[in-house]
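Engineer: Here you go, one structure.
4 protein chains.
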Amino acid sequence: MSPMTHNGTLRGAMIGGGPGSMIGPVHRIGISFDPQARLVAGVFSRSREKNRAMARELGIGEERCYDSVDEFIRSEARRPWSERVDWVSVVTPNVAHYGQIKALIEAGYHVVADKPLTATWGEAQALHETVIASGRFFGLTHTYAGYPMIKEMRFRIARGDLGRIHKVVVQYAQGWMMGYLAGAGGAVGTGGAPGAEAPPLPWRTTRAAGGDSCTTADIGTHAAHLVRYTTGLEIRRLLAATATFLPGNELEDDAAVIIDYVGGARGVLVASQSSTGERNNMVLNVYGERGGMEWRHSRPAYLTLKQAGGEVIEIDSGMRSLETLALGINRRPTGHPEGPNEAFANLYREAFRAIRARRAGEDPGPVDMPDIDDGLFGMRFVERVLASATEDSTWMDWSTTQGAAQ
Amino acid sequence: MSPMTHNGTLRGAMIGGGPGSMIGPVHRIGISFDPQARLVAGVFSRSREKNRAMARELGIGEERCYDSVDEFIRSEARRPWSERVDWVSVVTPNVAHYGQIKALIEAGYHVVADKPLTATWGEAQALHETVIASGRFFGLTHTYAGYPMIKEMRFRIARGDLGRIHKVVVQYAQGWMMGYLAGAGGAVGTGGAPGAEAPPLPWRTTRAAGGDSCTTADIGTHAAHLVRYTTGLEIRRLLAATATFLPGNELEDDAAVIIDYVGGARGVLVASQSSTGERNNMVLNVYGERGGMEWRHSRPAYLTLKQAGGEVIEIDSGMRSLETLALGINRRPTGHPEGPNEAFANLYREAFRAIRARRAGEDPGPVDMPDIDDGLFGMRFVERVLASATEDSTWMDWSTTQGAAQ
Amino acid sequence: MSPMTHNGTLRGAMIGGGPGSMIGPVHRIGISFDPQARLVAGVFSRSREKNRAMARELGIGEERCYDSVDEFIRSEARRPWSERVDWVSVVTPNVAHYGQIKALIEAGYHVVADKPLTATWGEAQALHETVIASGRFFGLTHTYAGYPMIKEMRFRIARGDLGRIHKVVVQYAQGWMMGYLAGAGGAVGTGGAPGAEAPPLPWRTTRAAGGDSCTTADIGTHAAHLVRYTTGLEIRRLLAATATFLPGNELEDDAAVIIDYVGGARGVLVASQSSTGERNNMVLNVYGERGGMEWRHSRPAYLTLKQAGGEVIEIDSGMRSLETLALGINRRPTGHPEGPNEAFANLYREAFRAIRARRAGEDPGPVDMPDIDDGLFGMRFVERVLASATEDSTWMDWSTTQGAAQ
Amino acid sequence: MSPMTHNGTLRGAMIGGGPGSMIGPVHRIGISFDPQARLVAGVFSRSREKNRAMARELGIGEERCYDSVDEFIRSEARRPWSERVDWVSVVTPNVAHYGQIKALIEAGYHVVADKPLTATWGEAQALHETVIASGRFFGLTHTYAGYPMIKEMRFRIARGDLGRIHKVVVQYAQGWMMGYLAGAGGAVGTGGAPGAEAPPLPWRTTRAAGGDSCTTADIGTHAAHLVRYTTGLEIRRLLAATATFLPGNELEDDAAVIIDYVGGARGVLVASQSSTGERNNMVLNVYGERGGMEWRHSRPAYLTLKQAGGEVIEIDSGMRSLETLALGINRRPTGHPEGPNEAFANLYREAFRAIRARRAGEDPGPVDMPDIDDGLFGMRFVERVLASATEDSTWMDWSTTQGAAQ
């Protein structure tokens, strides 16, 4: 049986992702890889005009282009079952997540949301409860978990290829924010879709729109999740220092975190949006008793194995010998590049598999997609980093008697 | 105005691309990037069972899943205009191209076909006449012309950044065929979608299915087209030697070509499917009076500028300062990888723009997509290489009094 | 005037560097680049046999091959001035440095010593006083300061190319120690000259031979010095965590350090000898208001400039346009690799220039070589890291009222 | 027994290599790695002043700094045996080689000469006879044969790791000559030691100083030798096209050569000094039945193994597991870069071993250094390329009844 078994069209809606959105198109392309999934409704922008324009571009009729999530929920509820949407993708700014996701989940929708889960740790705890109680499917698009070689890395580490893990170093460096300083606009990095007008300062830099954290929430959570996903290591405690270099930024744009993992491994996580000149540079290194592994986002279809004896081996997501190949995750012959679009498509494929199973009343088995626990994990990470990164930085235990999530 | 202006859904059909096809999924994903284009009919496989299975996977009803191109043409002609397909994608093996494309064009369809154009030079000449006479849109999917940085390279060379061009070196090396020899299956490269069962020998190696040429047609035409597309140089004459290393291969699996371009530049083109261990390794270097440029398919979102004074500058398809950015070709922020899916999507976007214009009775202006002339060019290249590559290799003029195409 | 002006042969002696030594040959080759400098005496090993064997290999007569530094000093003092050595290179294990260097300096010798300066912070303070009081030349071979592109980086940062510096990330990762664990011997890295018999555990792992610190002293000081040398930034305070992963290691083999520099820049320094599979992997990134710079030891003849607008520019130590070229530091045409031998040669060239000036009674002007202050800086770095890296890691000010060096 | 066993000082002389010479310092540094070899005499420049200046810099007295090779031979012959030079290094322009080497060999000297052997094929044949008849040691410094990983590559191919060889692609691209055109001086590449004044056109471009060929002789012979050295393949015939792009160049600055090797392998060799922006970019790829290997001069301490199944393995000259390690060729721990200085030192080490054996009346066994046969091979390669590269390029057999060397 093909891993791409389908049993009918899935209908989706999107909240956010209007003209000028950076992440909206990535979700839409990821969705489009599945020939039987399509968007049929949405709330794309708070601007009525932009909202309508995006609906037209997507071939969605005016009657299913709504002005708010509430209107979406109310109006769609009146449609016959045969027309109703099967899932909703939420790609709005962080501060909107909590209310929107909560309303959608409570209205009975399956949800796929962009990260981070919420704007604050409090919201995350509340939303976690809601989602767990609801029984709805909830998926969080941590892009990097969608890359085949990340899954191969996870498989190999779990199999014991590295032996006991000693050390993890992960860096996620961007420079685009500093483009504002350097007079280059928000050109370098995720500062808006290329060609979009650069705002005076990105929304991520305000507490009102971004929440408690800028860089730790935006990219630090990606890095922290990636370590957890690939190694299975759980954080015991962490020690952090943050900084702000962009004038006008209300939040932090640089974070350095030293981590003690359960079991004795040491971690170093560096997340920075003030690394001028960096172009979305994420690098993960894991070292164990028997060897090391390196994955770089700039060449995501490759995984580097560093052997104790000195050989450095690069493997490729198109190789027939991969362990993960049987899982149907790899979409490409060897030597052909891939990127975030493919990663998102892989995430959505798994989400759709789970949603289709629910629709059919079947058990999907283990679902390989970041979920509400990962969302809570990310916000806990943000909360702990901010708690540690005072003037006198102190080690913060991951779990405490009060407010501990896990 | 957005470069992605749409004015209604485009309906397409696909010939070929059944289960196990390598290139079919790439076309389908490229098509799917356009939210208003979709496949509604097809002839996916000569196997009735596989044909039906693919239609189901694509959400296409049995009534529009046909057993042959003839049946497709006859039956679709009876549909009302409002349901008819706007274009047909042809992704069958080379030997089927000529008859299928000719029939479709003559039936009035716009066609997008995979390369090479046909199996022989004679077919190419005949098909060229048919397409030109028909006035139908015809696009050829030379993947590499769809990459933003290839377009940027073309723009910069045309602007004169390199001055007069002296030298072009292009290499396209694959090793997957040798996988059969090495007992690794057709694992490395384009020998079938990963996971597919490796046939005893790929169809490309037989004259009956592949046509006159294996490697020169399959990847040599990509390389020759890429040079022409980026530099604008026309071939004056060429000198070639071919070889066959895979036992059982009826055709050549290795070609080395020395080229004299009109205007005095020298070219070296190496196309090989017997380069064991190579993973679709295409590298293009162009050198002129003022500097050099390098593009590697392994990192397609980057272009390297080699300055006469020694600086090596890497530019990135997400940079705001790119000349081609205004054209709306780049889809990504800096630092995010991309691959053939995005390249195909770019090709299809341009094809759809041209087809929509025709549907609306408008002039699309210049269409930036390989066309029937490029198809003819490719087959001429194959013919000239094979003509030169006798035991006593001799320079062959591109244009001769007999049989010259251009 | 050529930077290579010579005015007669310099005679040197070496302490340490017997058969099997890793660093001894590097010093000797670095010295040999100067056609008018040569070793004429030495104490190469505590083993009488090995000592004599090395002297023979170096063409040094038995009469100038001594059993101890004391014997060297006593016996050499009886030689006529015309035969006396002009400088002594000390390349023994860390614990021997203090006594040997002190004795040599007090006997009036100019000294070039390998790093780290001493085995403990107390020794470093005492030796600093001795050297300063003596007026003798003292140079410390921080290899990386000898690379032309490091000097170019220093020049460009000092000129303001990056504007105000925000962030510095430096990593120095080795895996060779873990080779012992993995059964690969001390193969990967500096675990003895290749081919040498691997000892059960390297001397660096014992307090008796290595001193207070293993990894922080051995490679952390290199990294800390490199940041200081290239950026001019001074440490205000630091926060560290260390770990030991190699069973039997009495000291630390992994250090993570977060640094606040005077002026507000943030630093992250990772030094690790437990990064299995790494092959002496040192990478330095400096980010400022206007751009970033990266230097990697694996390609030391190149410097990467990361522009705010997205261009990544690689420059090469053979380029005529370099600012440092006029200084006569670059020895190679563009495109030719270089390594530690050339770096050591550059360090020794500068040391010899200073020593020749002293011999001639001239002022050498500014001497561009790590000196006793850098040696003290390194040991202070070790002391501060160890002080911070307790169970409850706390920020340690660089200067305190007691025991502060600078 | 150590591979570096010495039995006394070797005394050498140098012809050429005066101030401004590019290759002279590389020879001198290579020599200096041996603590018991030193230059004691020479003819460094035709300019009396420069000749004397270089002697002073090298610490050589005026009495052994000669005005001509003849004077050198005459005067040195009057010295007592105990002072005589053991070998002579010839590093003059190509046209001077024949006469100087012939005179030195006939005077009984062992000679190490820079490549190419001579300026013409006729000279090469004559010199070959002279050297063979003389019984003197003759070594030719094909730099690349001195790199440990080239030796490892040779070892592994000879062992059969690749199976039967199918294809060899070697490229050697430089851009420095075009620097003259681009107004950047001869900056990029080997156009004189950095900092040296760029002449209006380099001597290589004149028939009077360079001989029959510019680029084919200067770098094409390196590439052709490298293929022969690593693979053992012998040329059966070749097909070439050359071109001249630098205005004023009397000779060729670009060569493309298609090669048929004995046994059926196909080769492509591209040598170019008109590849603007290239920085001494040499890349060798060898493909066989079982896999491929790649070596790049930009990272000479590494060798890349391309497996049929897709893995790409990088090995490092410092690894303990290397086959060539036992030969004592590797001088470095893993991860430390190396360059031409080390390669030359390796070549000289082997030459010195052979010369010492002769001095001691011992058999050195097989000597792993390019010799007079390799010199003849290189000049034959030049002659055959020029013969083939007429307007109508024709395949030229390597051996013909007349004038065939081998």
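Keeping their order, the protein sequence lines are chains A, B, C and D. Under this note's numbering, the first residue of the first sequence is numbered 1, with each subsequent residue one higher. Under this note's numbering, the first residue of the second sequence is numbered 407, with each subsequent residue one higher. Under this note's numbering, the first residue of the third sequence is numbered 813, with each subsequent residue one higher. Under this note's numbering, the first residue of the fourth sequence is numbered 1219, with each subsequent residue one higher. Ideal Cβ positions, reconstructed from N, Cα and C, are used throughout, including at glycine.
(1) Between which two residues does the alpha helix (DSSP H) containing Ile466 (chain B) stretch?
(2) What's the C-alpha gap between Arg1256 (chain D) and Leu1228 (chain D)?
(3) In the DSSP assignment, what residue or residues form a beta bridge with Leu445 (chain B)?
(4) At a CB distance below 8 Å, what residues from the stretch 639-653 of chain B approach chain D? Give them in sequence order.
(5) Using only alpha-carbon positions, find the residue among C:Arg890, C:Thr1146, C:Arg971 and C:Pro1152 that is nearest to His1554 (chain D).
(6) By how many angstroms is the C-alpha of Val1244 (chain D) removed from the C-alpha of Tyr1362 (chain D)?
(7) Where does Val943 (chain C) fall in DSSP's three states?
(8) Can you name the start and end residues of the alpha helix (DSSP H) that Glu395 (chain B) belongs to?
(9) What residues in its chain sit with their C-beta under 8 Å from that of Phe1028 (chain C), if we drop five residues either side in the sequence?
(10) At a CB-CB cut-off below 9 Å, which residues of chain B make contact with Ala1578 (chain D)?
(11) DSSP beta-bridge partners for Trp701 (chain B)?
(12) Starting from the beta carbon of Arg562 (chain B), find every residue of chain A whose beta carbon is closer than 9 Å, and list them in chain order.
(13) For Asp926 (chain C) and Val903 (chain C), which I take to be in contact (beta-carbon distance under 8 Å), what is that distance rounded to the nearest angstrom?
(14) Roughly how many angstroms lie between the CA atoms of Tyr921 (chain C) and Gly824 (chain C), to the nearest whole one?
(15) Would you kindly work out how many angstroms separate the C-alpha atoms of Trp1421 (chain D) and Arg1372 (chain D), rounded to a whole number?
(16) Between the alpha carbons of Glu1294 (chain D) and Gly1340 (chain D), how many angstroms are there, rounded?
(17) Can you name the residues of chain A whose CB is closer than 8 Å to the CB of Val1080 (chain C)?
(18) Run through chain C and tell me which residues come within less than 9 Å of Val262 (chain A), C-beta to C-beta.
(19) For Phe783 (chain B), which of helix, strand or coil comes out of DSSP?
(20) Would you mind telling me which residues of chain C sit closer than 8 Å to Gly139 (chain A), beta carbon to beta carbon, in chain order?
(21) Around the Cβ of Val674 (chain B), are there at least 16 other Cβ atoms within 10 angstroms (buried) or fewer (exposed)?
(22) Can you give, in chain order, each stretch of the beta strand (DSSP E) that sits fully within the stretch 75-143 of chain A and has at least 3 residues?
(23) Quick check: is the beta carbon of Ser275 (chain A) nearer than 8 Å to any beta carbon in chain C?
(24) Can you give the Cα-Cα distance for Trp1210 (chain C) and Gly1190 (chain C), rounded to whole angstroms?
(25) At 8 Å on the CB atoms, spell out the chain C contacts of Glu720 (chain B), in chain order.
(26) Considering Cα atoms alone, identify which of A:Arg237, A:Pro247 and A:Ile60 is closest to Thr440 (chain A).
(27) Using a C-beta cutoff of 8 Å, does Pro300 (chain A) count as contacting chain B?
(28) Whole angstroms is fine: what's the gap from Arg765 (chain B)'s alpha carbon to Ile665 (chain B)'s?
(29) Near Val501 (chain B), what residues of its chain come up, given a Cβ to Cβ distance below 6 Å and the 5 sequence neighbours on each side ignored?
(30) Under a three-way DSSP split, which group does Gly18 (chain A) fall into?
(31) Per DSSP, which one or two residues make a beta bridge with Asp660 (chain B)?
(32) When you compare the CB positions of Ile1368 (chain D) and Thr1448 (chain D), do they come within less than 8 Å of one another, or not?
(33) Bridge partners of Glu1496 (chain D), per DSSP?
(34) What whole-angstrom Cβ distance do Gly1187 (chain C) and Leu929 (chain C) have, given they're in contact under 8 Å?
(35) Can you tell which of C:Glu1123, C:Tyr878 and C:Leu1096 has its C-alpha closest to the C-alpha of Leu728 (chain B)?
(36) Short of 7 Å Cβ to Cβ, which residues in the stretch 436-458 of chain B face chain A?
Structural biologist: Here's the rundown:
(1) Ile466 (chain B) -> no alpha helix (DSSP H), and no H or E assigned at all.
(2) Near 6 Å, if we compare the C-alpha coordinates of Leu1228 (chain D) and Arg1256 (chain D).
(3) In the DSSP assignment, Leu445 (chain B) forms a beta bridge with B:Gly418.
(4) So the list reads Leu645, Ala647, Ala649 and Phe651, given in the order they occur along the chain.
(5) The residue from C:Arg890, C:Thr1146, C:Arg971 and C:Pro1152 with its alpha-carbon nearest to that of His1554 (chain D) is C:Pro1152.
(6) Tyr1362 (chain D) and Val1244 (chain D) have their C-alpha atoms some 13 Å from each other.
(7) Secondary structure of Val943 (chain C) (DSSP, three-state): helix.
(8) This structure cannot settle anything about residue 395 (chain B), because the visible part of chain B is limited to 407 through 812.
(9) Note that residue 1028 (chain C) is Thr in the sequence shown, not Phe. Closer than 8 Å at the Cβ level, and outside the excluded window around Thr1028 (chain C), lie Thr1054, Glu1064, Ala1067, Ala1083, Phe1193, Val1194, Val1197 and Leu1198.
(10) The contacting residues do not exist; Ala1578 (chain D) stays about 46 Å from chain B at best.
(11) Within the DSSP secondary-structure output, Trp701 (chain B) pairs in a beta bridge with B:Leu690.
(12) By Cβ distance, chain A contributes nothing, its closest Cβ being about 18 Å from Arg562 (chain B), past 9 Å.
(13) Between Asp926 (chain C) and Val903 (chain C), the beta carbon gap of about 5 Å places them in contact (Cβ cut-off 8 Å).
(14) Answer to the nearest angstrom: the Cα atoms are 10 Å apart.
(15) Distance between the alpha carbons of Trp1421 (chain D) and Arg1372 (chain D) is about 34 Å.
(16) Glu1294 (chain D) and Gly1340 (chain D) have their C-alpha atoms some 30 Å from each other.
(17) The contacting residues are Ala256, Val268 and Val270.
(18) Among the residues of chain C, none has a CB under 9 Å from the CB of Val262 (chain A); the nearest is roughly 15 Å distant.
(19) Phe783 (chain B): helix per DSSP, three-state reduction.
(20) Chain C residues near Gly139 (chain A): none, gap ~32 Å exceeds 8 Å.
(21) Val674 (chain B) counts as buried, since no fewer than 16 other beta carbons sit within 10 angstroms of its beta carbon.
(22) Runs of the beta strand (DSSP E) inside the stretch 75-143 of chain A: 87-90, 110-113 and 138-140.
(23) Yes, its Cβ sits closer than 8 Å to a Cβ of chain C.
(24) Each residue's CA atom was taken as its position, placing Trp1210 (chain C) and Gly1190 (chain C) some 12 Å apart.
(25) Within chain C, the residues placing a beta-carbon under 8 Å from that of Glu720 (chain B) are Glu1123, Val1124, Ile1125 and Glu1126, ordered along the chain.
(26) Because chain A in this structure spans residues 1 to 406, residue 440 (chain A) falls outside the shown range and cannot be described.
(27) At a cut-off of 8 Å between beta carbons, Pro300 (chain A) contacts chain B.
(28) Across the structure, Arg765 (chain B) and Ile665 (chain B) are spaced so that their CA atoms are roughly 41 Å apart.
(29) Cβ neighbours of Val501 (chain B) within its own chain (closer than 6 Å, five residues either side excluded): Ala525, Ala615 and Gly617.
(30) If DSSP states are grouped into helix, strand and coil, Gly18 (chain A) belongs with coil.
(31) DSSP output for Asp660 (chain B) lists B:Ala649 and B:Ser678 as bridge partner(s).
(32) Judged by beta-carbon spacing, Thr1448 (chain D) lies within the 8 Å limit of Ile1368 (chain D), meaning their Cβ atoms are closer than that value.
(33) The partner list for Glu1496 (chain D) (beta bridge, DSSP) is empty, contrary to what the question assumes.
(34) Sure, about 3 Å apart at Cβ, within 8 Å.
(35) Comparing Cα positions, the closest option is C:Glu1123.
(36) Legend: CB atoms of the stretch 436-458 of chain B lying less than 7 Å from CB atoms of chain A belong to residues Ser438, Phe439, Pro441 and Gln442.
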